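Engineer: Taken in order, these protein sequences are the chains called Y and B. 4 is the number of the first residue of the first sequence in this note's numbering; add one for each residue after it. 6 is the number of the first residue of the second sequence in this note's numbering; add one for each residue after it. Virtual Cβ for every residue (Gly too), placed ideally from N, Cα, C. Note that this is a predicted model, so its numbers are computed, not measured.
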Amino acid sequence: MRSRWANKATVLHVGVIAVLFALQFVLPEYHHVNLARVMVLASFAMGYNIAFGYTGLLSLGHAMFFAAGLYAAGLMAQFAGVSAAGGLLLGVAAGLALAAAVGCLALRTTGVSFMIVTLMFAQAAFLATFYFGEYTRGDEGFVIPSHLRHLFGLFLAEPATRYFVALSLFALCLAISFAVARSSMGRVLAAIRENEERTRMLGYNVFLYKLVALTISGAMSGLVGAAYGMLFGYVGATFASIQYSIFPLLWVLMGGAATVLGPFVGTLLMFYLVDISSGFTSANMLIVGLALIGLILFFPKGILGSLRERAAPWLP
Amino acid sequence: MAAMTLLSTENLSKQFGGLRAVDSVSFTFLEGEIRALIGPNGAGKTTFVNLLSGRIPPTEGRVVFAGEDVTRLPAHARVNRGIAYTFQITSVFAGMSAMDNVKLSAQRRLSKGLFGPDPALLERVALSALERVGLAARRDEIAGNLSYGHQRLLEVAMGLGLDPKLLILDEPTQGLSDEEIAVFVTLVKEIAQNASILLIEHNMDVVMGLAHTITVLDRGRILAQGTPDEIRRNEAVRRAYLGK
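Here it is as structure tokens:
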């Protein structure tokens, strides 16, 4: 029974990637760009989901990991002429190192204190982008020179390439989430989320597991940050602001925390909700707010979380 | 006696503000024993076993387990040395299947290196723990949906999954029916063939039926220690339970 479920889940996730691959040939240009952006942002949400969804670490500071990757790639391109491949590696390294360092301190706290501590670190990182305004140009930001936006000879600003790279990034993050969810480590993370003290009394070093989960989450966020910079060419302080810590939380909540595809569903819906509603009214955030209230009323575990609970228990 | 000392404490104490919950307890526990720890409410029983399992640090004193001073070891490291603790308040992972609960307890010791345990081996070990407590048929049920008695048995199965040297059972029969208690007593006797057991228990029938030795705690100190018959006849124990 288990293995059939596993196959069903594998087919679904490979199928989603196949559909996204096929869509690029039929989508009009406007939605083509949007979907590439959604896939990149959903990858960020998937990174966030490892910490928040699977481990129960409600971080309010993931913008700092995204920005660490973004600035690592952006600044090294700007001042050292590092191109995309190096930039992506630097992004992973920056996200990973920052998450490990912040984790060592922030994970000494739990619950609300953890939220506040991560928020403070993220605010410090945000302000640092202004403090070093000479290099980062703060709010205004800077554009990554287009001759450096090449990956293995592919020009990333070219729409078809950008879509393909975004899809590859998305597939990679999906595979990581899937592997974590299915692994024996994933089971320990879920146990920590449910009952930390009981998990400790089964002989697990809970702190270490949380640190590893946060570091994987930070490394993924850093990778996505670097990719975002390289794909869309712009680096600015907005990406380090509190907004970009809240977004992944909302996307994951909307799609379903601790589901592999939930972050993508949430990101896609929220993106188009904002996009479509702003075509009708300038009070579009009101519509987004109402949608969120409806979500909490009817899908308290997010769309895929509720679906799993009611109809599809095999969803990872 | 030929048996080896498995666990001992020296002058173990725990101070909570003005209260000395555990007061200079020196205690020796032999390998293969079933030991009952009894005492009136507030005697410090749970605090004492929390000091043994490392859930709280002692104010003074030492804990020695299997020849090693474990006083400074964190709880999870003590579990890895072989001290398992089952909770007084049932705390299985309510959202997971019974099988996953037991897998969690067994997978750490079966893991070699980074990639976790062999799934088939883990499945076998977890299933055998469920069989021993009689829950194999309910392996796929969500733990939170099991009856209270079954959740308590699942707790024990999780203890077995750890393959402990010492299994600490904190009021395991609380809230169980007479039939469930009878099943439980048989189970503990069976477990005791491979592990030593320290039992905190209020049900005197269970205590008298299972324990080789009984230690009585009162106001944080050891009041008496001996065989069930000796404890039954002990004047000081009667006074502590019935009042002066």
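Can you look up B:G180 in the DSSP assignment and give me helix, strand or coil?
Structural biologist: Here residue 180 of chain B corresponds to residue number 175 of the second sequence, with the count starting at 1. In the structure shown, B:G180 sits in coil (DSSP, three-state: anything other than H, G, I, E or B).
Engineer: Along the stretch 184-211 of chain Y, where does the CB come closer than 8 Å to a CB of chain B? Name the residues.
Structural biologist: The residues in question are S186, S187, M188, R190, V191, A193, A194, E197, N198, E200, R201, T202, R203, M204, L205, G206, Y207, N208 and V209.
Engineer: Among the candidates B:M9, B:K50, B:E38 and B:R40, whose CA atom is the shortest distance from the CA of B:V27?
Structural biologist: Translated into the one-based positions of the second sequence, residue 27 of chain B becomes position 22. It is B:K50.
Engineer: So if DSSP puts B:I202 in a beta bridge, which residue, or which two residues, is it bridged to?
Structural biologist: Your numbering for residue 202 of chain B matches position 197 in the second sequence. Its beta-bridge partners are B:I39 and B:L172.
Engineer: To which residues of the same chain is Y:M4 closer than 8 Å at the C-beta, ignoring the five residues directly before and after it?
Structural biologist: Sequence index remark: in the first sequence, residue 4 of chain Y carries index 1 (1-based). Reliability of the predicted coordinates at Y:M4 is poor, the pLDDT of 43 falling under 50, and the value obtained from them is presented with this limitation in mind. Closer than 8 Å at the Cβ level, and outside the excluded window around Y:M4, lies no residue.
Engineer: Say whether chain Y places a C-beta atom closer than 9 Å to the C-beta of B:Q112.
Structural biologist: If you number the second sequence from 1, residue 112 of chain B lands on position 107. B:Q112 counts as touching chain Y.
Engineer: Would you mind telling me which residues of chain Y sit closer than 8 Å to B:N85, beta carbon to beta carbon, in chain order?
Structural biologist: In the second sequence, the residue the question calls residue 85 of chain B occupies position 80. Correct list: G206.
Engineer: Give the range of the beta strand (DSSP E) segment to which B:I147 is assigned.
Structural biologist: For the purposes of this step, residue 147 of chain B is identified with residue 142 of the second sequence, where counting begins at 1. Looking at the DSSP string, B:I147 is not in any beta strand (DSSP E), and its letter there is neither H nor E.
Engineer: Grab me the residues of B:F98's own chain with a C-beta within less than 8 Å of its C-beta, minus the 5 sequence neighbours each way, in chain order.
Structural biologist: On the second sequence, position 93 is the one that residue 98 of chain B refers to. The residues are D105, N106, L109 and A148.
Engineer: Within the chosen definition, does the stretch 176-186 of chain B reach the stretch 204-220 of chain B through at least 3 CB pairs nearer than 8 Å?
Structural biologist: A contact exists between the stretch 176-186 of chain B and the stretch 204-220 of chain B.
Engineer: Consult DSSP for B:A229 and reduce its assignment to one of helix, strand or coil.
Structural biologist: Against the second sequence, residue 229 of chain B aligns to sequence position 224. Residue state, collapsed to three classes: strand.
Engineer: Tell me which same chain residues have a C-beta within less than 8 Å of the C-beta of Y:F155, skipping the five on either side of it?
Structural biologist: Along the first sequence, one-based indexing puts residue 155 of chain Y at 152. Here the set comprises A88.
Engineer: Going by DSSP, name the residue or residues bridged to Y:F145.
Structural biologist: Numbered from 1 along the first sequence, position 142 holds the residue referred to as residue 145 of chain Y. Beta-bridge pairing links Y:F145 to Y:V238.
Engineer: When you compare only the Cα positions, how much space is there between Y:V115 and Y:G106?
Structural biologist: As a first step, residue 115 of chain Y is located in the first sequence; it is residue number 112 there, counting from the start. As a first step, residue 106 of chain Y is located in the first sequence; it is residue number 103 there, counting from the start. Computed Cα separation, rounded: 15 Å.
Engineer: Give the straight-line distance between the Cα atoms of Y:V227 and Y:E143, rounded to the nearest whole angstrom.
Structural biologist: In the first sequence, counting from the first residue as 1, residue 227 of chain Y sits at position 224. In the first sequence, counting from the first residue as 1, residue 143 of chain Y sits at position 140. Cα to Cα, the separation comes out at about 21 Å.
Engineer: At a CB-CB cut-off below 9 Å, which residues of chain Y make contact with B:Y153?
Structural biologist: By one-based count along the second sequence, residue 153 of chain B stands at place 148. In chain order: nothing, as chain Y lies at least about 17 Å away.
Engineer: So what does DSSP say about B:D223, is it helix, strand or coil?
Structural biologist: Residue 223 of chain B sits at position 218 when you count from the first residue of the second sequence. B:D223 falls in the strand class under three-state DSSP.
Engineer: Say whether chain Y places a C-beta atom closer than 9 Å to the C-beta of B:G37.
Structural biologist: Position 32 of the second sequence, counted from the start, is the residue given in the question as residue 37 of chain B. So, not an interface residue.
Engineer: Taking the alpha carbon of B:M73 as the point to measure from, which residue in B:L12, B:V188 and B:Q112 has its own alpha carbon closest?
Structural biologist: By one-based count along the second sequence, residue 73 of chain B stands at place 68. Checking the sequence shown, residue 73 of chain B turns out to be Glu, not Met. Of the candidates B:L12, B:V188 and B:Q112, the one whose C-alpha sits nearest the C-alpha of B:E73 is B:L12.
Engineer: What is the residue span of the beta strand (DSSP E) that B:Y90 lies within?
Structural biologist: Sequence index remark: in the second sequence, residue 90 of chain B carries index 85 (1-based). First-last of the beta strand (DSSP E) with B:Y90: I88 to T91.
Engineer: So B:P122 contacts chain Y; which residues on that side make the cut at Cβ distance below 9 Å?
Structural biologist: Along the second sequence, one-based indexing puts residue 122 of chain B at 117. Neighbours of B:P122 on chain Y, chain order: S187.
Engineer: Measuring straight from C-alpha to C-alpha, what distance separates Y:L234 and B:F92?
Structural biologist: The residue you call residue 234 of chain Y lines up with position 231 of the first sequence. The residue you call residue 92 of chain B lines up with position 87 of the second sequence. Cα to Cα, the separation comes out at about 52 Å.
Engineer: Starting from the beta carbon of B:K108, find every residue of chain Y whose beta carbon is closer than 9 Å, and list them in chain order.
Structural biologist: The residue given as residue 108 of chain B occupies position 103 in the second sequence. What B:K108 touches in chain Y: S187 and R190.
Engineer: In chain order, what residues of the same chain lie with their CB nearer than 7 Å to the CB of Y:S244, ignoring the 5 residues before and after it?
Structural biologist: Residue mapping note: residue 244 of chain Y aligns to position 241 of the first sequence, counting from 1. If we look at Y:S244 and ignore the five residues flanking it on each side, its Cβ neighbours are A66 and F129.
Engineer: What residues of chain Y sit near B:L11, judged by a beta carbon separation below 7 Å?
Structural biologist: Residue mapping note: residue 11 of chain B aligns to position 6 of the second sequence, counting from 1. Those do not exist, as B:L11 stays about 18 Å from chain Y at its closest Cβ, beyond 7 Å.
Engineer: Can you tell me the Cα-Cα spacing of B:Q112 and Y:D278, whole angstroms?
Structural biologist: Indexing the second sequence from 1 puts residue 112 of chain B at position 107. Indexing the first sequence from 1 puts residue 278 of chain Y at position 275. Using only the alpha carbons, I get a separation of about 47 Å.
Engineer: What residues match up with B:R67 in a beta bridge as DSSP calls it?
Structural biologist: Along the second sequence, read from residue 1 onward, the residue named residue 67 of chain B stands at position 62. Paired residues: B:E15.
Engineer: Buried or exposed: B:V84, going by 16 or more other Cβ atoms within 10 Å of its Cβ?
Structural biologist: Taking the second sequence and counting its residues from 1, the one referred to as residue 84 of chain B is at position 79. That one is buried.
Engineer: Report the option in Y:L151, Y:A45 and Y:Y166 whose CA atom is closest to the CA atom of Y:E32.
Structural biologist: Numbered from 1 along the first sequence, position 29 holds the residue referred to as residue 32 of chain Y. Among Y:L151, Y:A45 and Y:Y166, the Cα nearest to that of Y:E32 is on Y:Y166.
Engineer: Under three-state DSSP, which class holds Y:M4?
Structural biologist: As a working mapping, residue 4 of chain Y is identified with position 1 in the first sequence. In this predicted model, Y:M4 has a pLDDT of only 43, less than 50, meaning its place in the structure is not dependable enough to derive any value.
Engineer: When the cut-off is 9 Å and only beta carbons count, does B:S201 lie next to chain Y?
Structural biologist: Counting from 1 along the second sequence, the entry for residue 201 of chain B is found at position 196. Output row for B:S201: interface = no.
Engineer: Check the Cβ of B:S96 against every Cβ in chain Y and list those closer than 8 Å, keeping chain order.
Structural biologist: Taking the second sequence and counting its residues from 1, one reaches residue 96 of chain B at position 91. N198, E200 and R201, listed in chain order.
Engineer: Under a CB-based cut-off of 9 Å, is B:S116 close to chain Y?
Structural biologist: Translated into positions along the second sequence, residue 116 of chain B becomes position 111. True, the Cβ-Cβ gap to chain Y drops below 9 Å.
Engineer: Can you give me, in chain order, the residues of the stretch 70-81 of chain B that have a beta carbon less than 7 Å from any beta carbon in chain Y?
Structural biologist: Against chain Y - using a Cβ distance shorter than 7 Å - the residues of the stretch 70-81 of chain B are A80 and H81.
Engineer: Which same chain residues, not among the five before or five after Y:I20, have their C-beta less than 8 Å away from its C-beta?
Structural biologist: Along the first sequence, one-based indexing puts residue 20 of chain Y at 17. Around Y:I20: L170, F173, A174 and L177.
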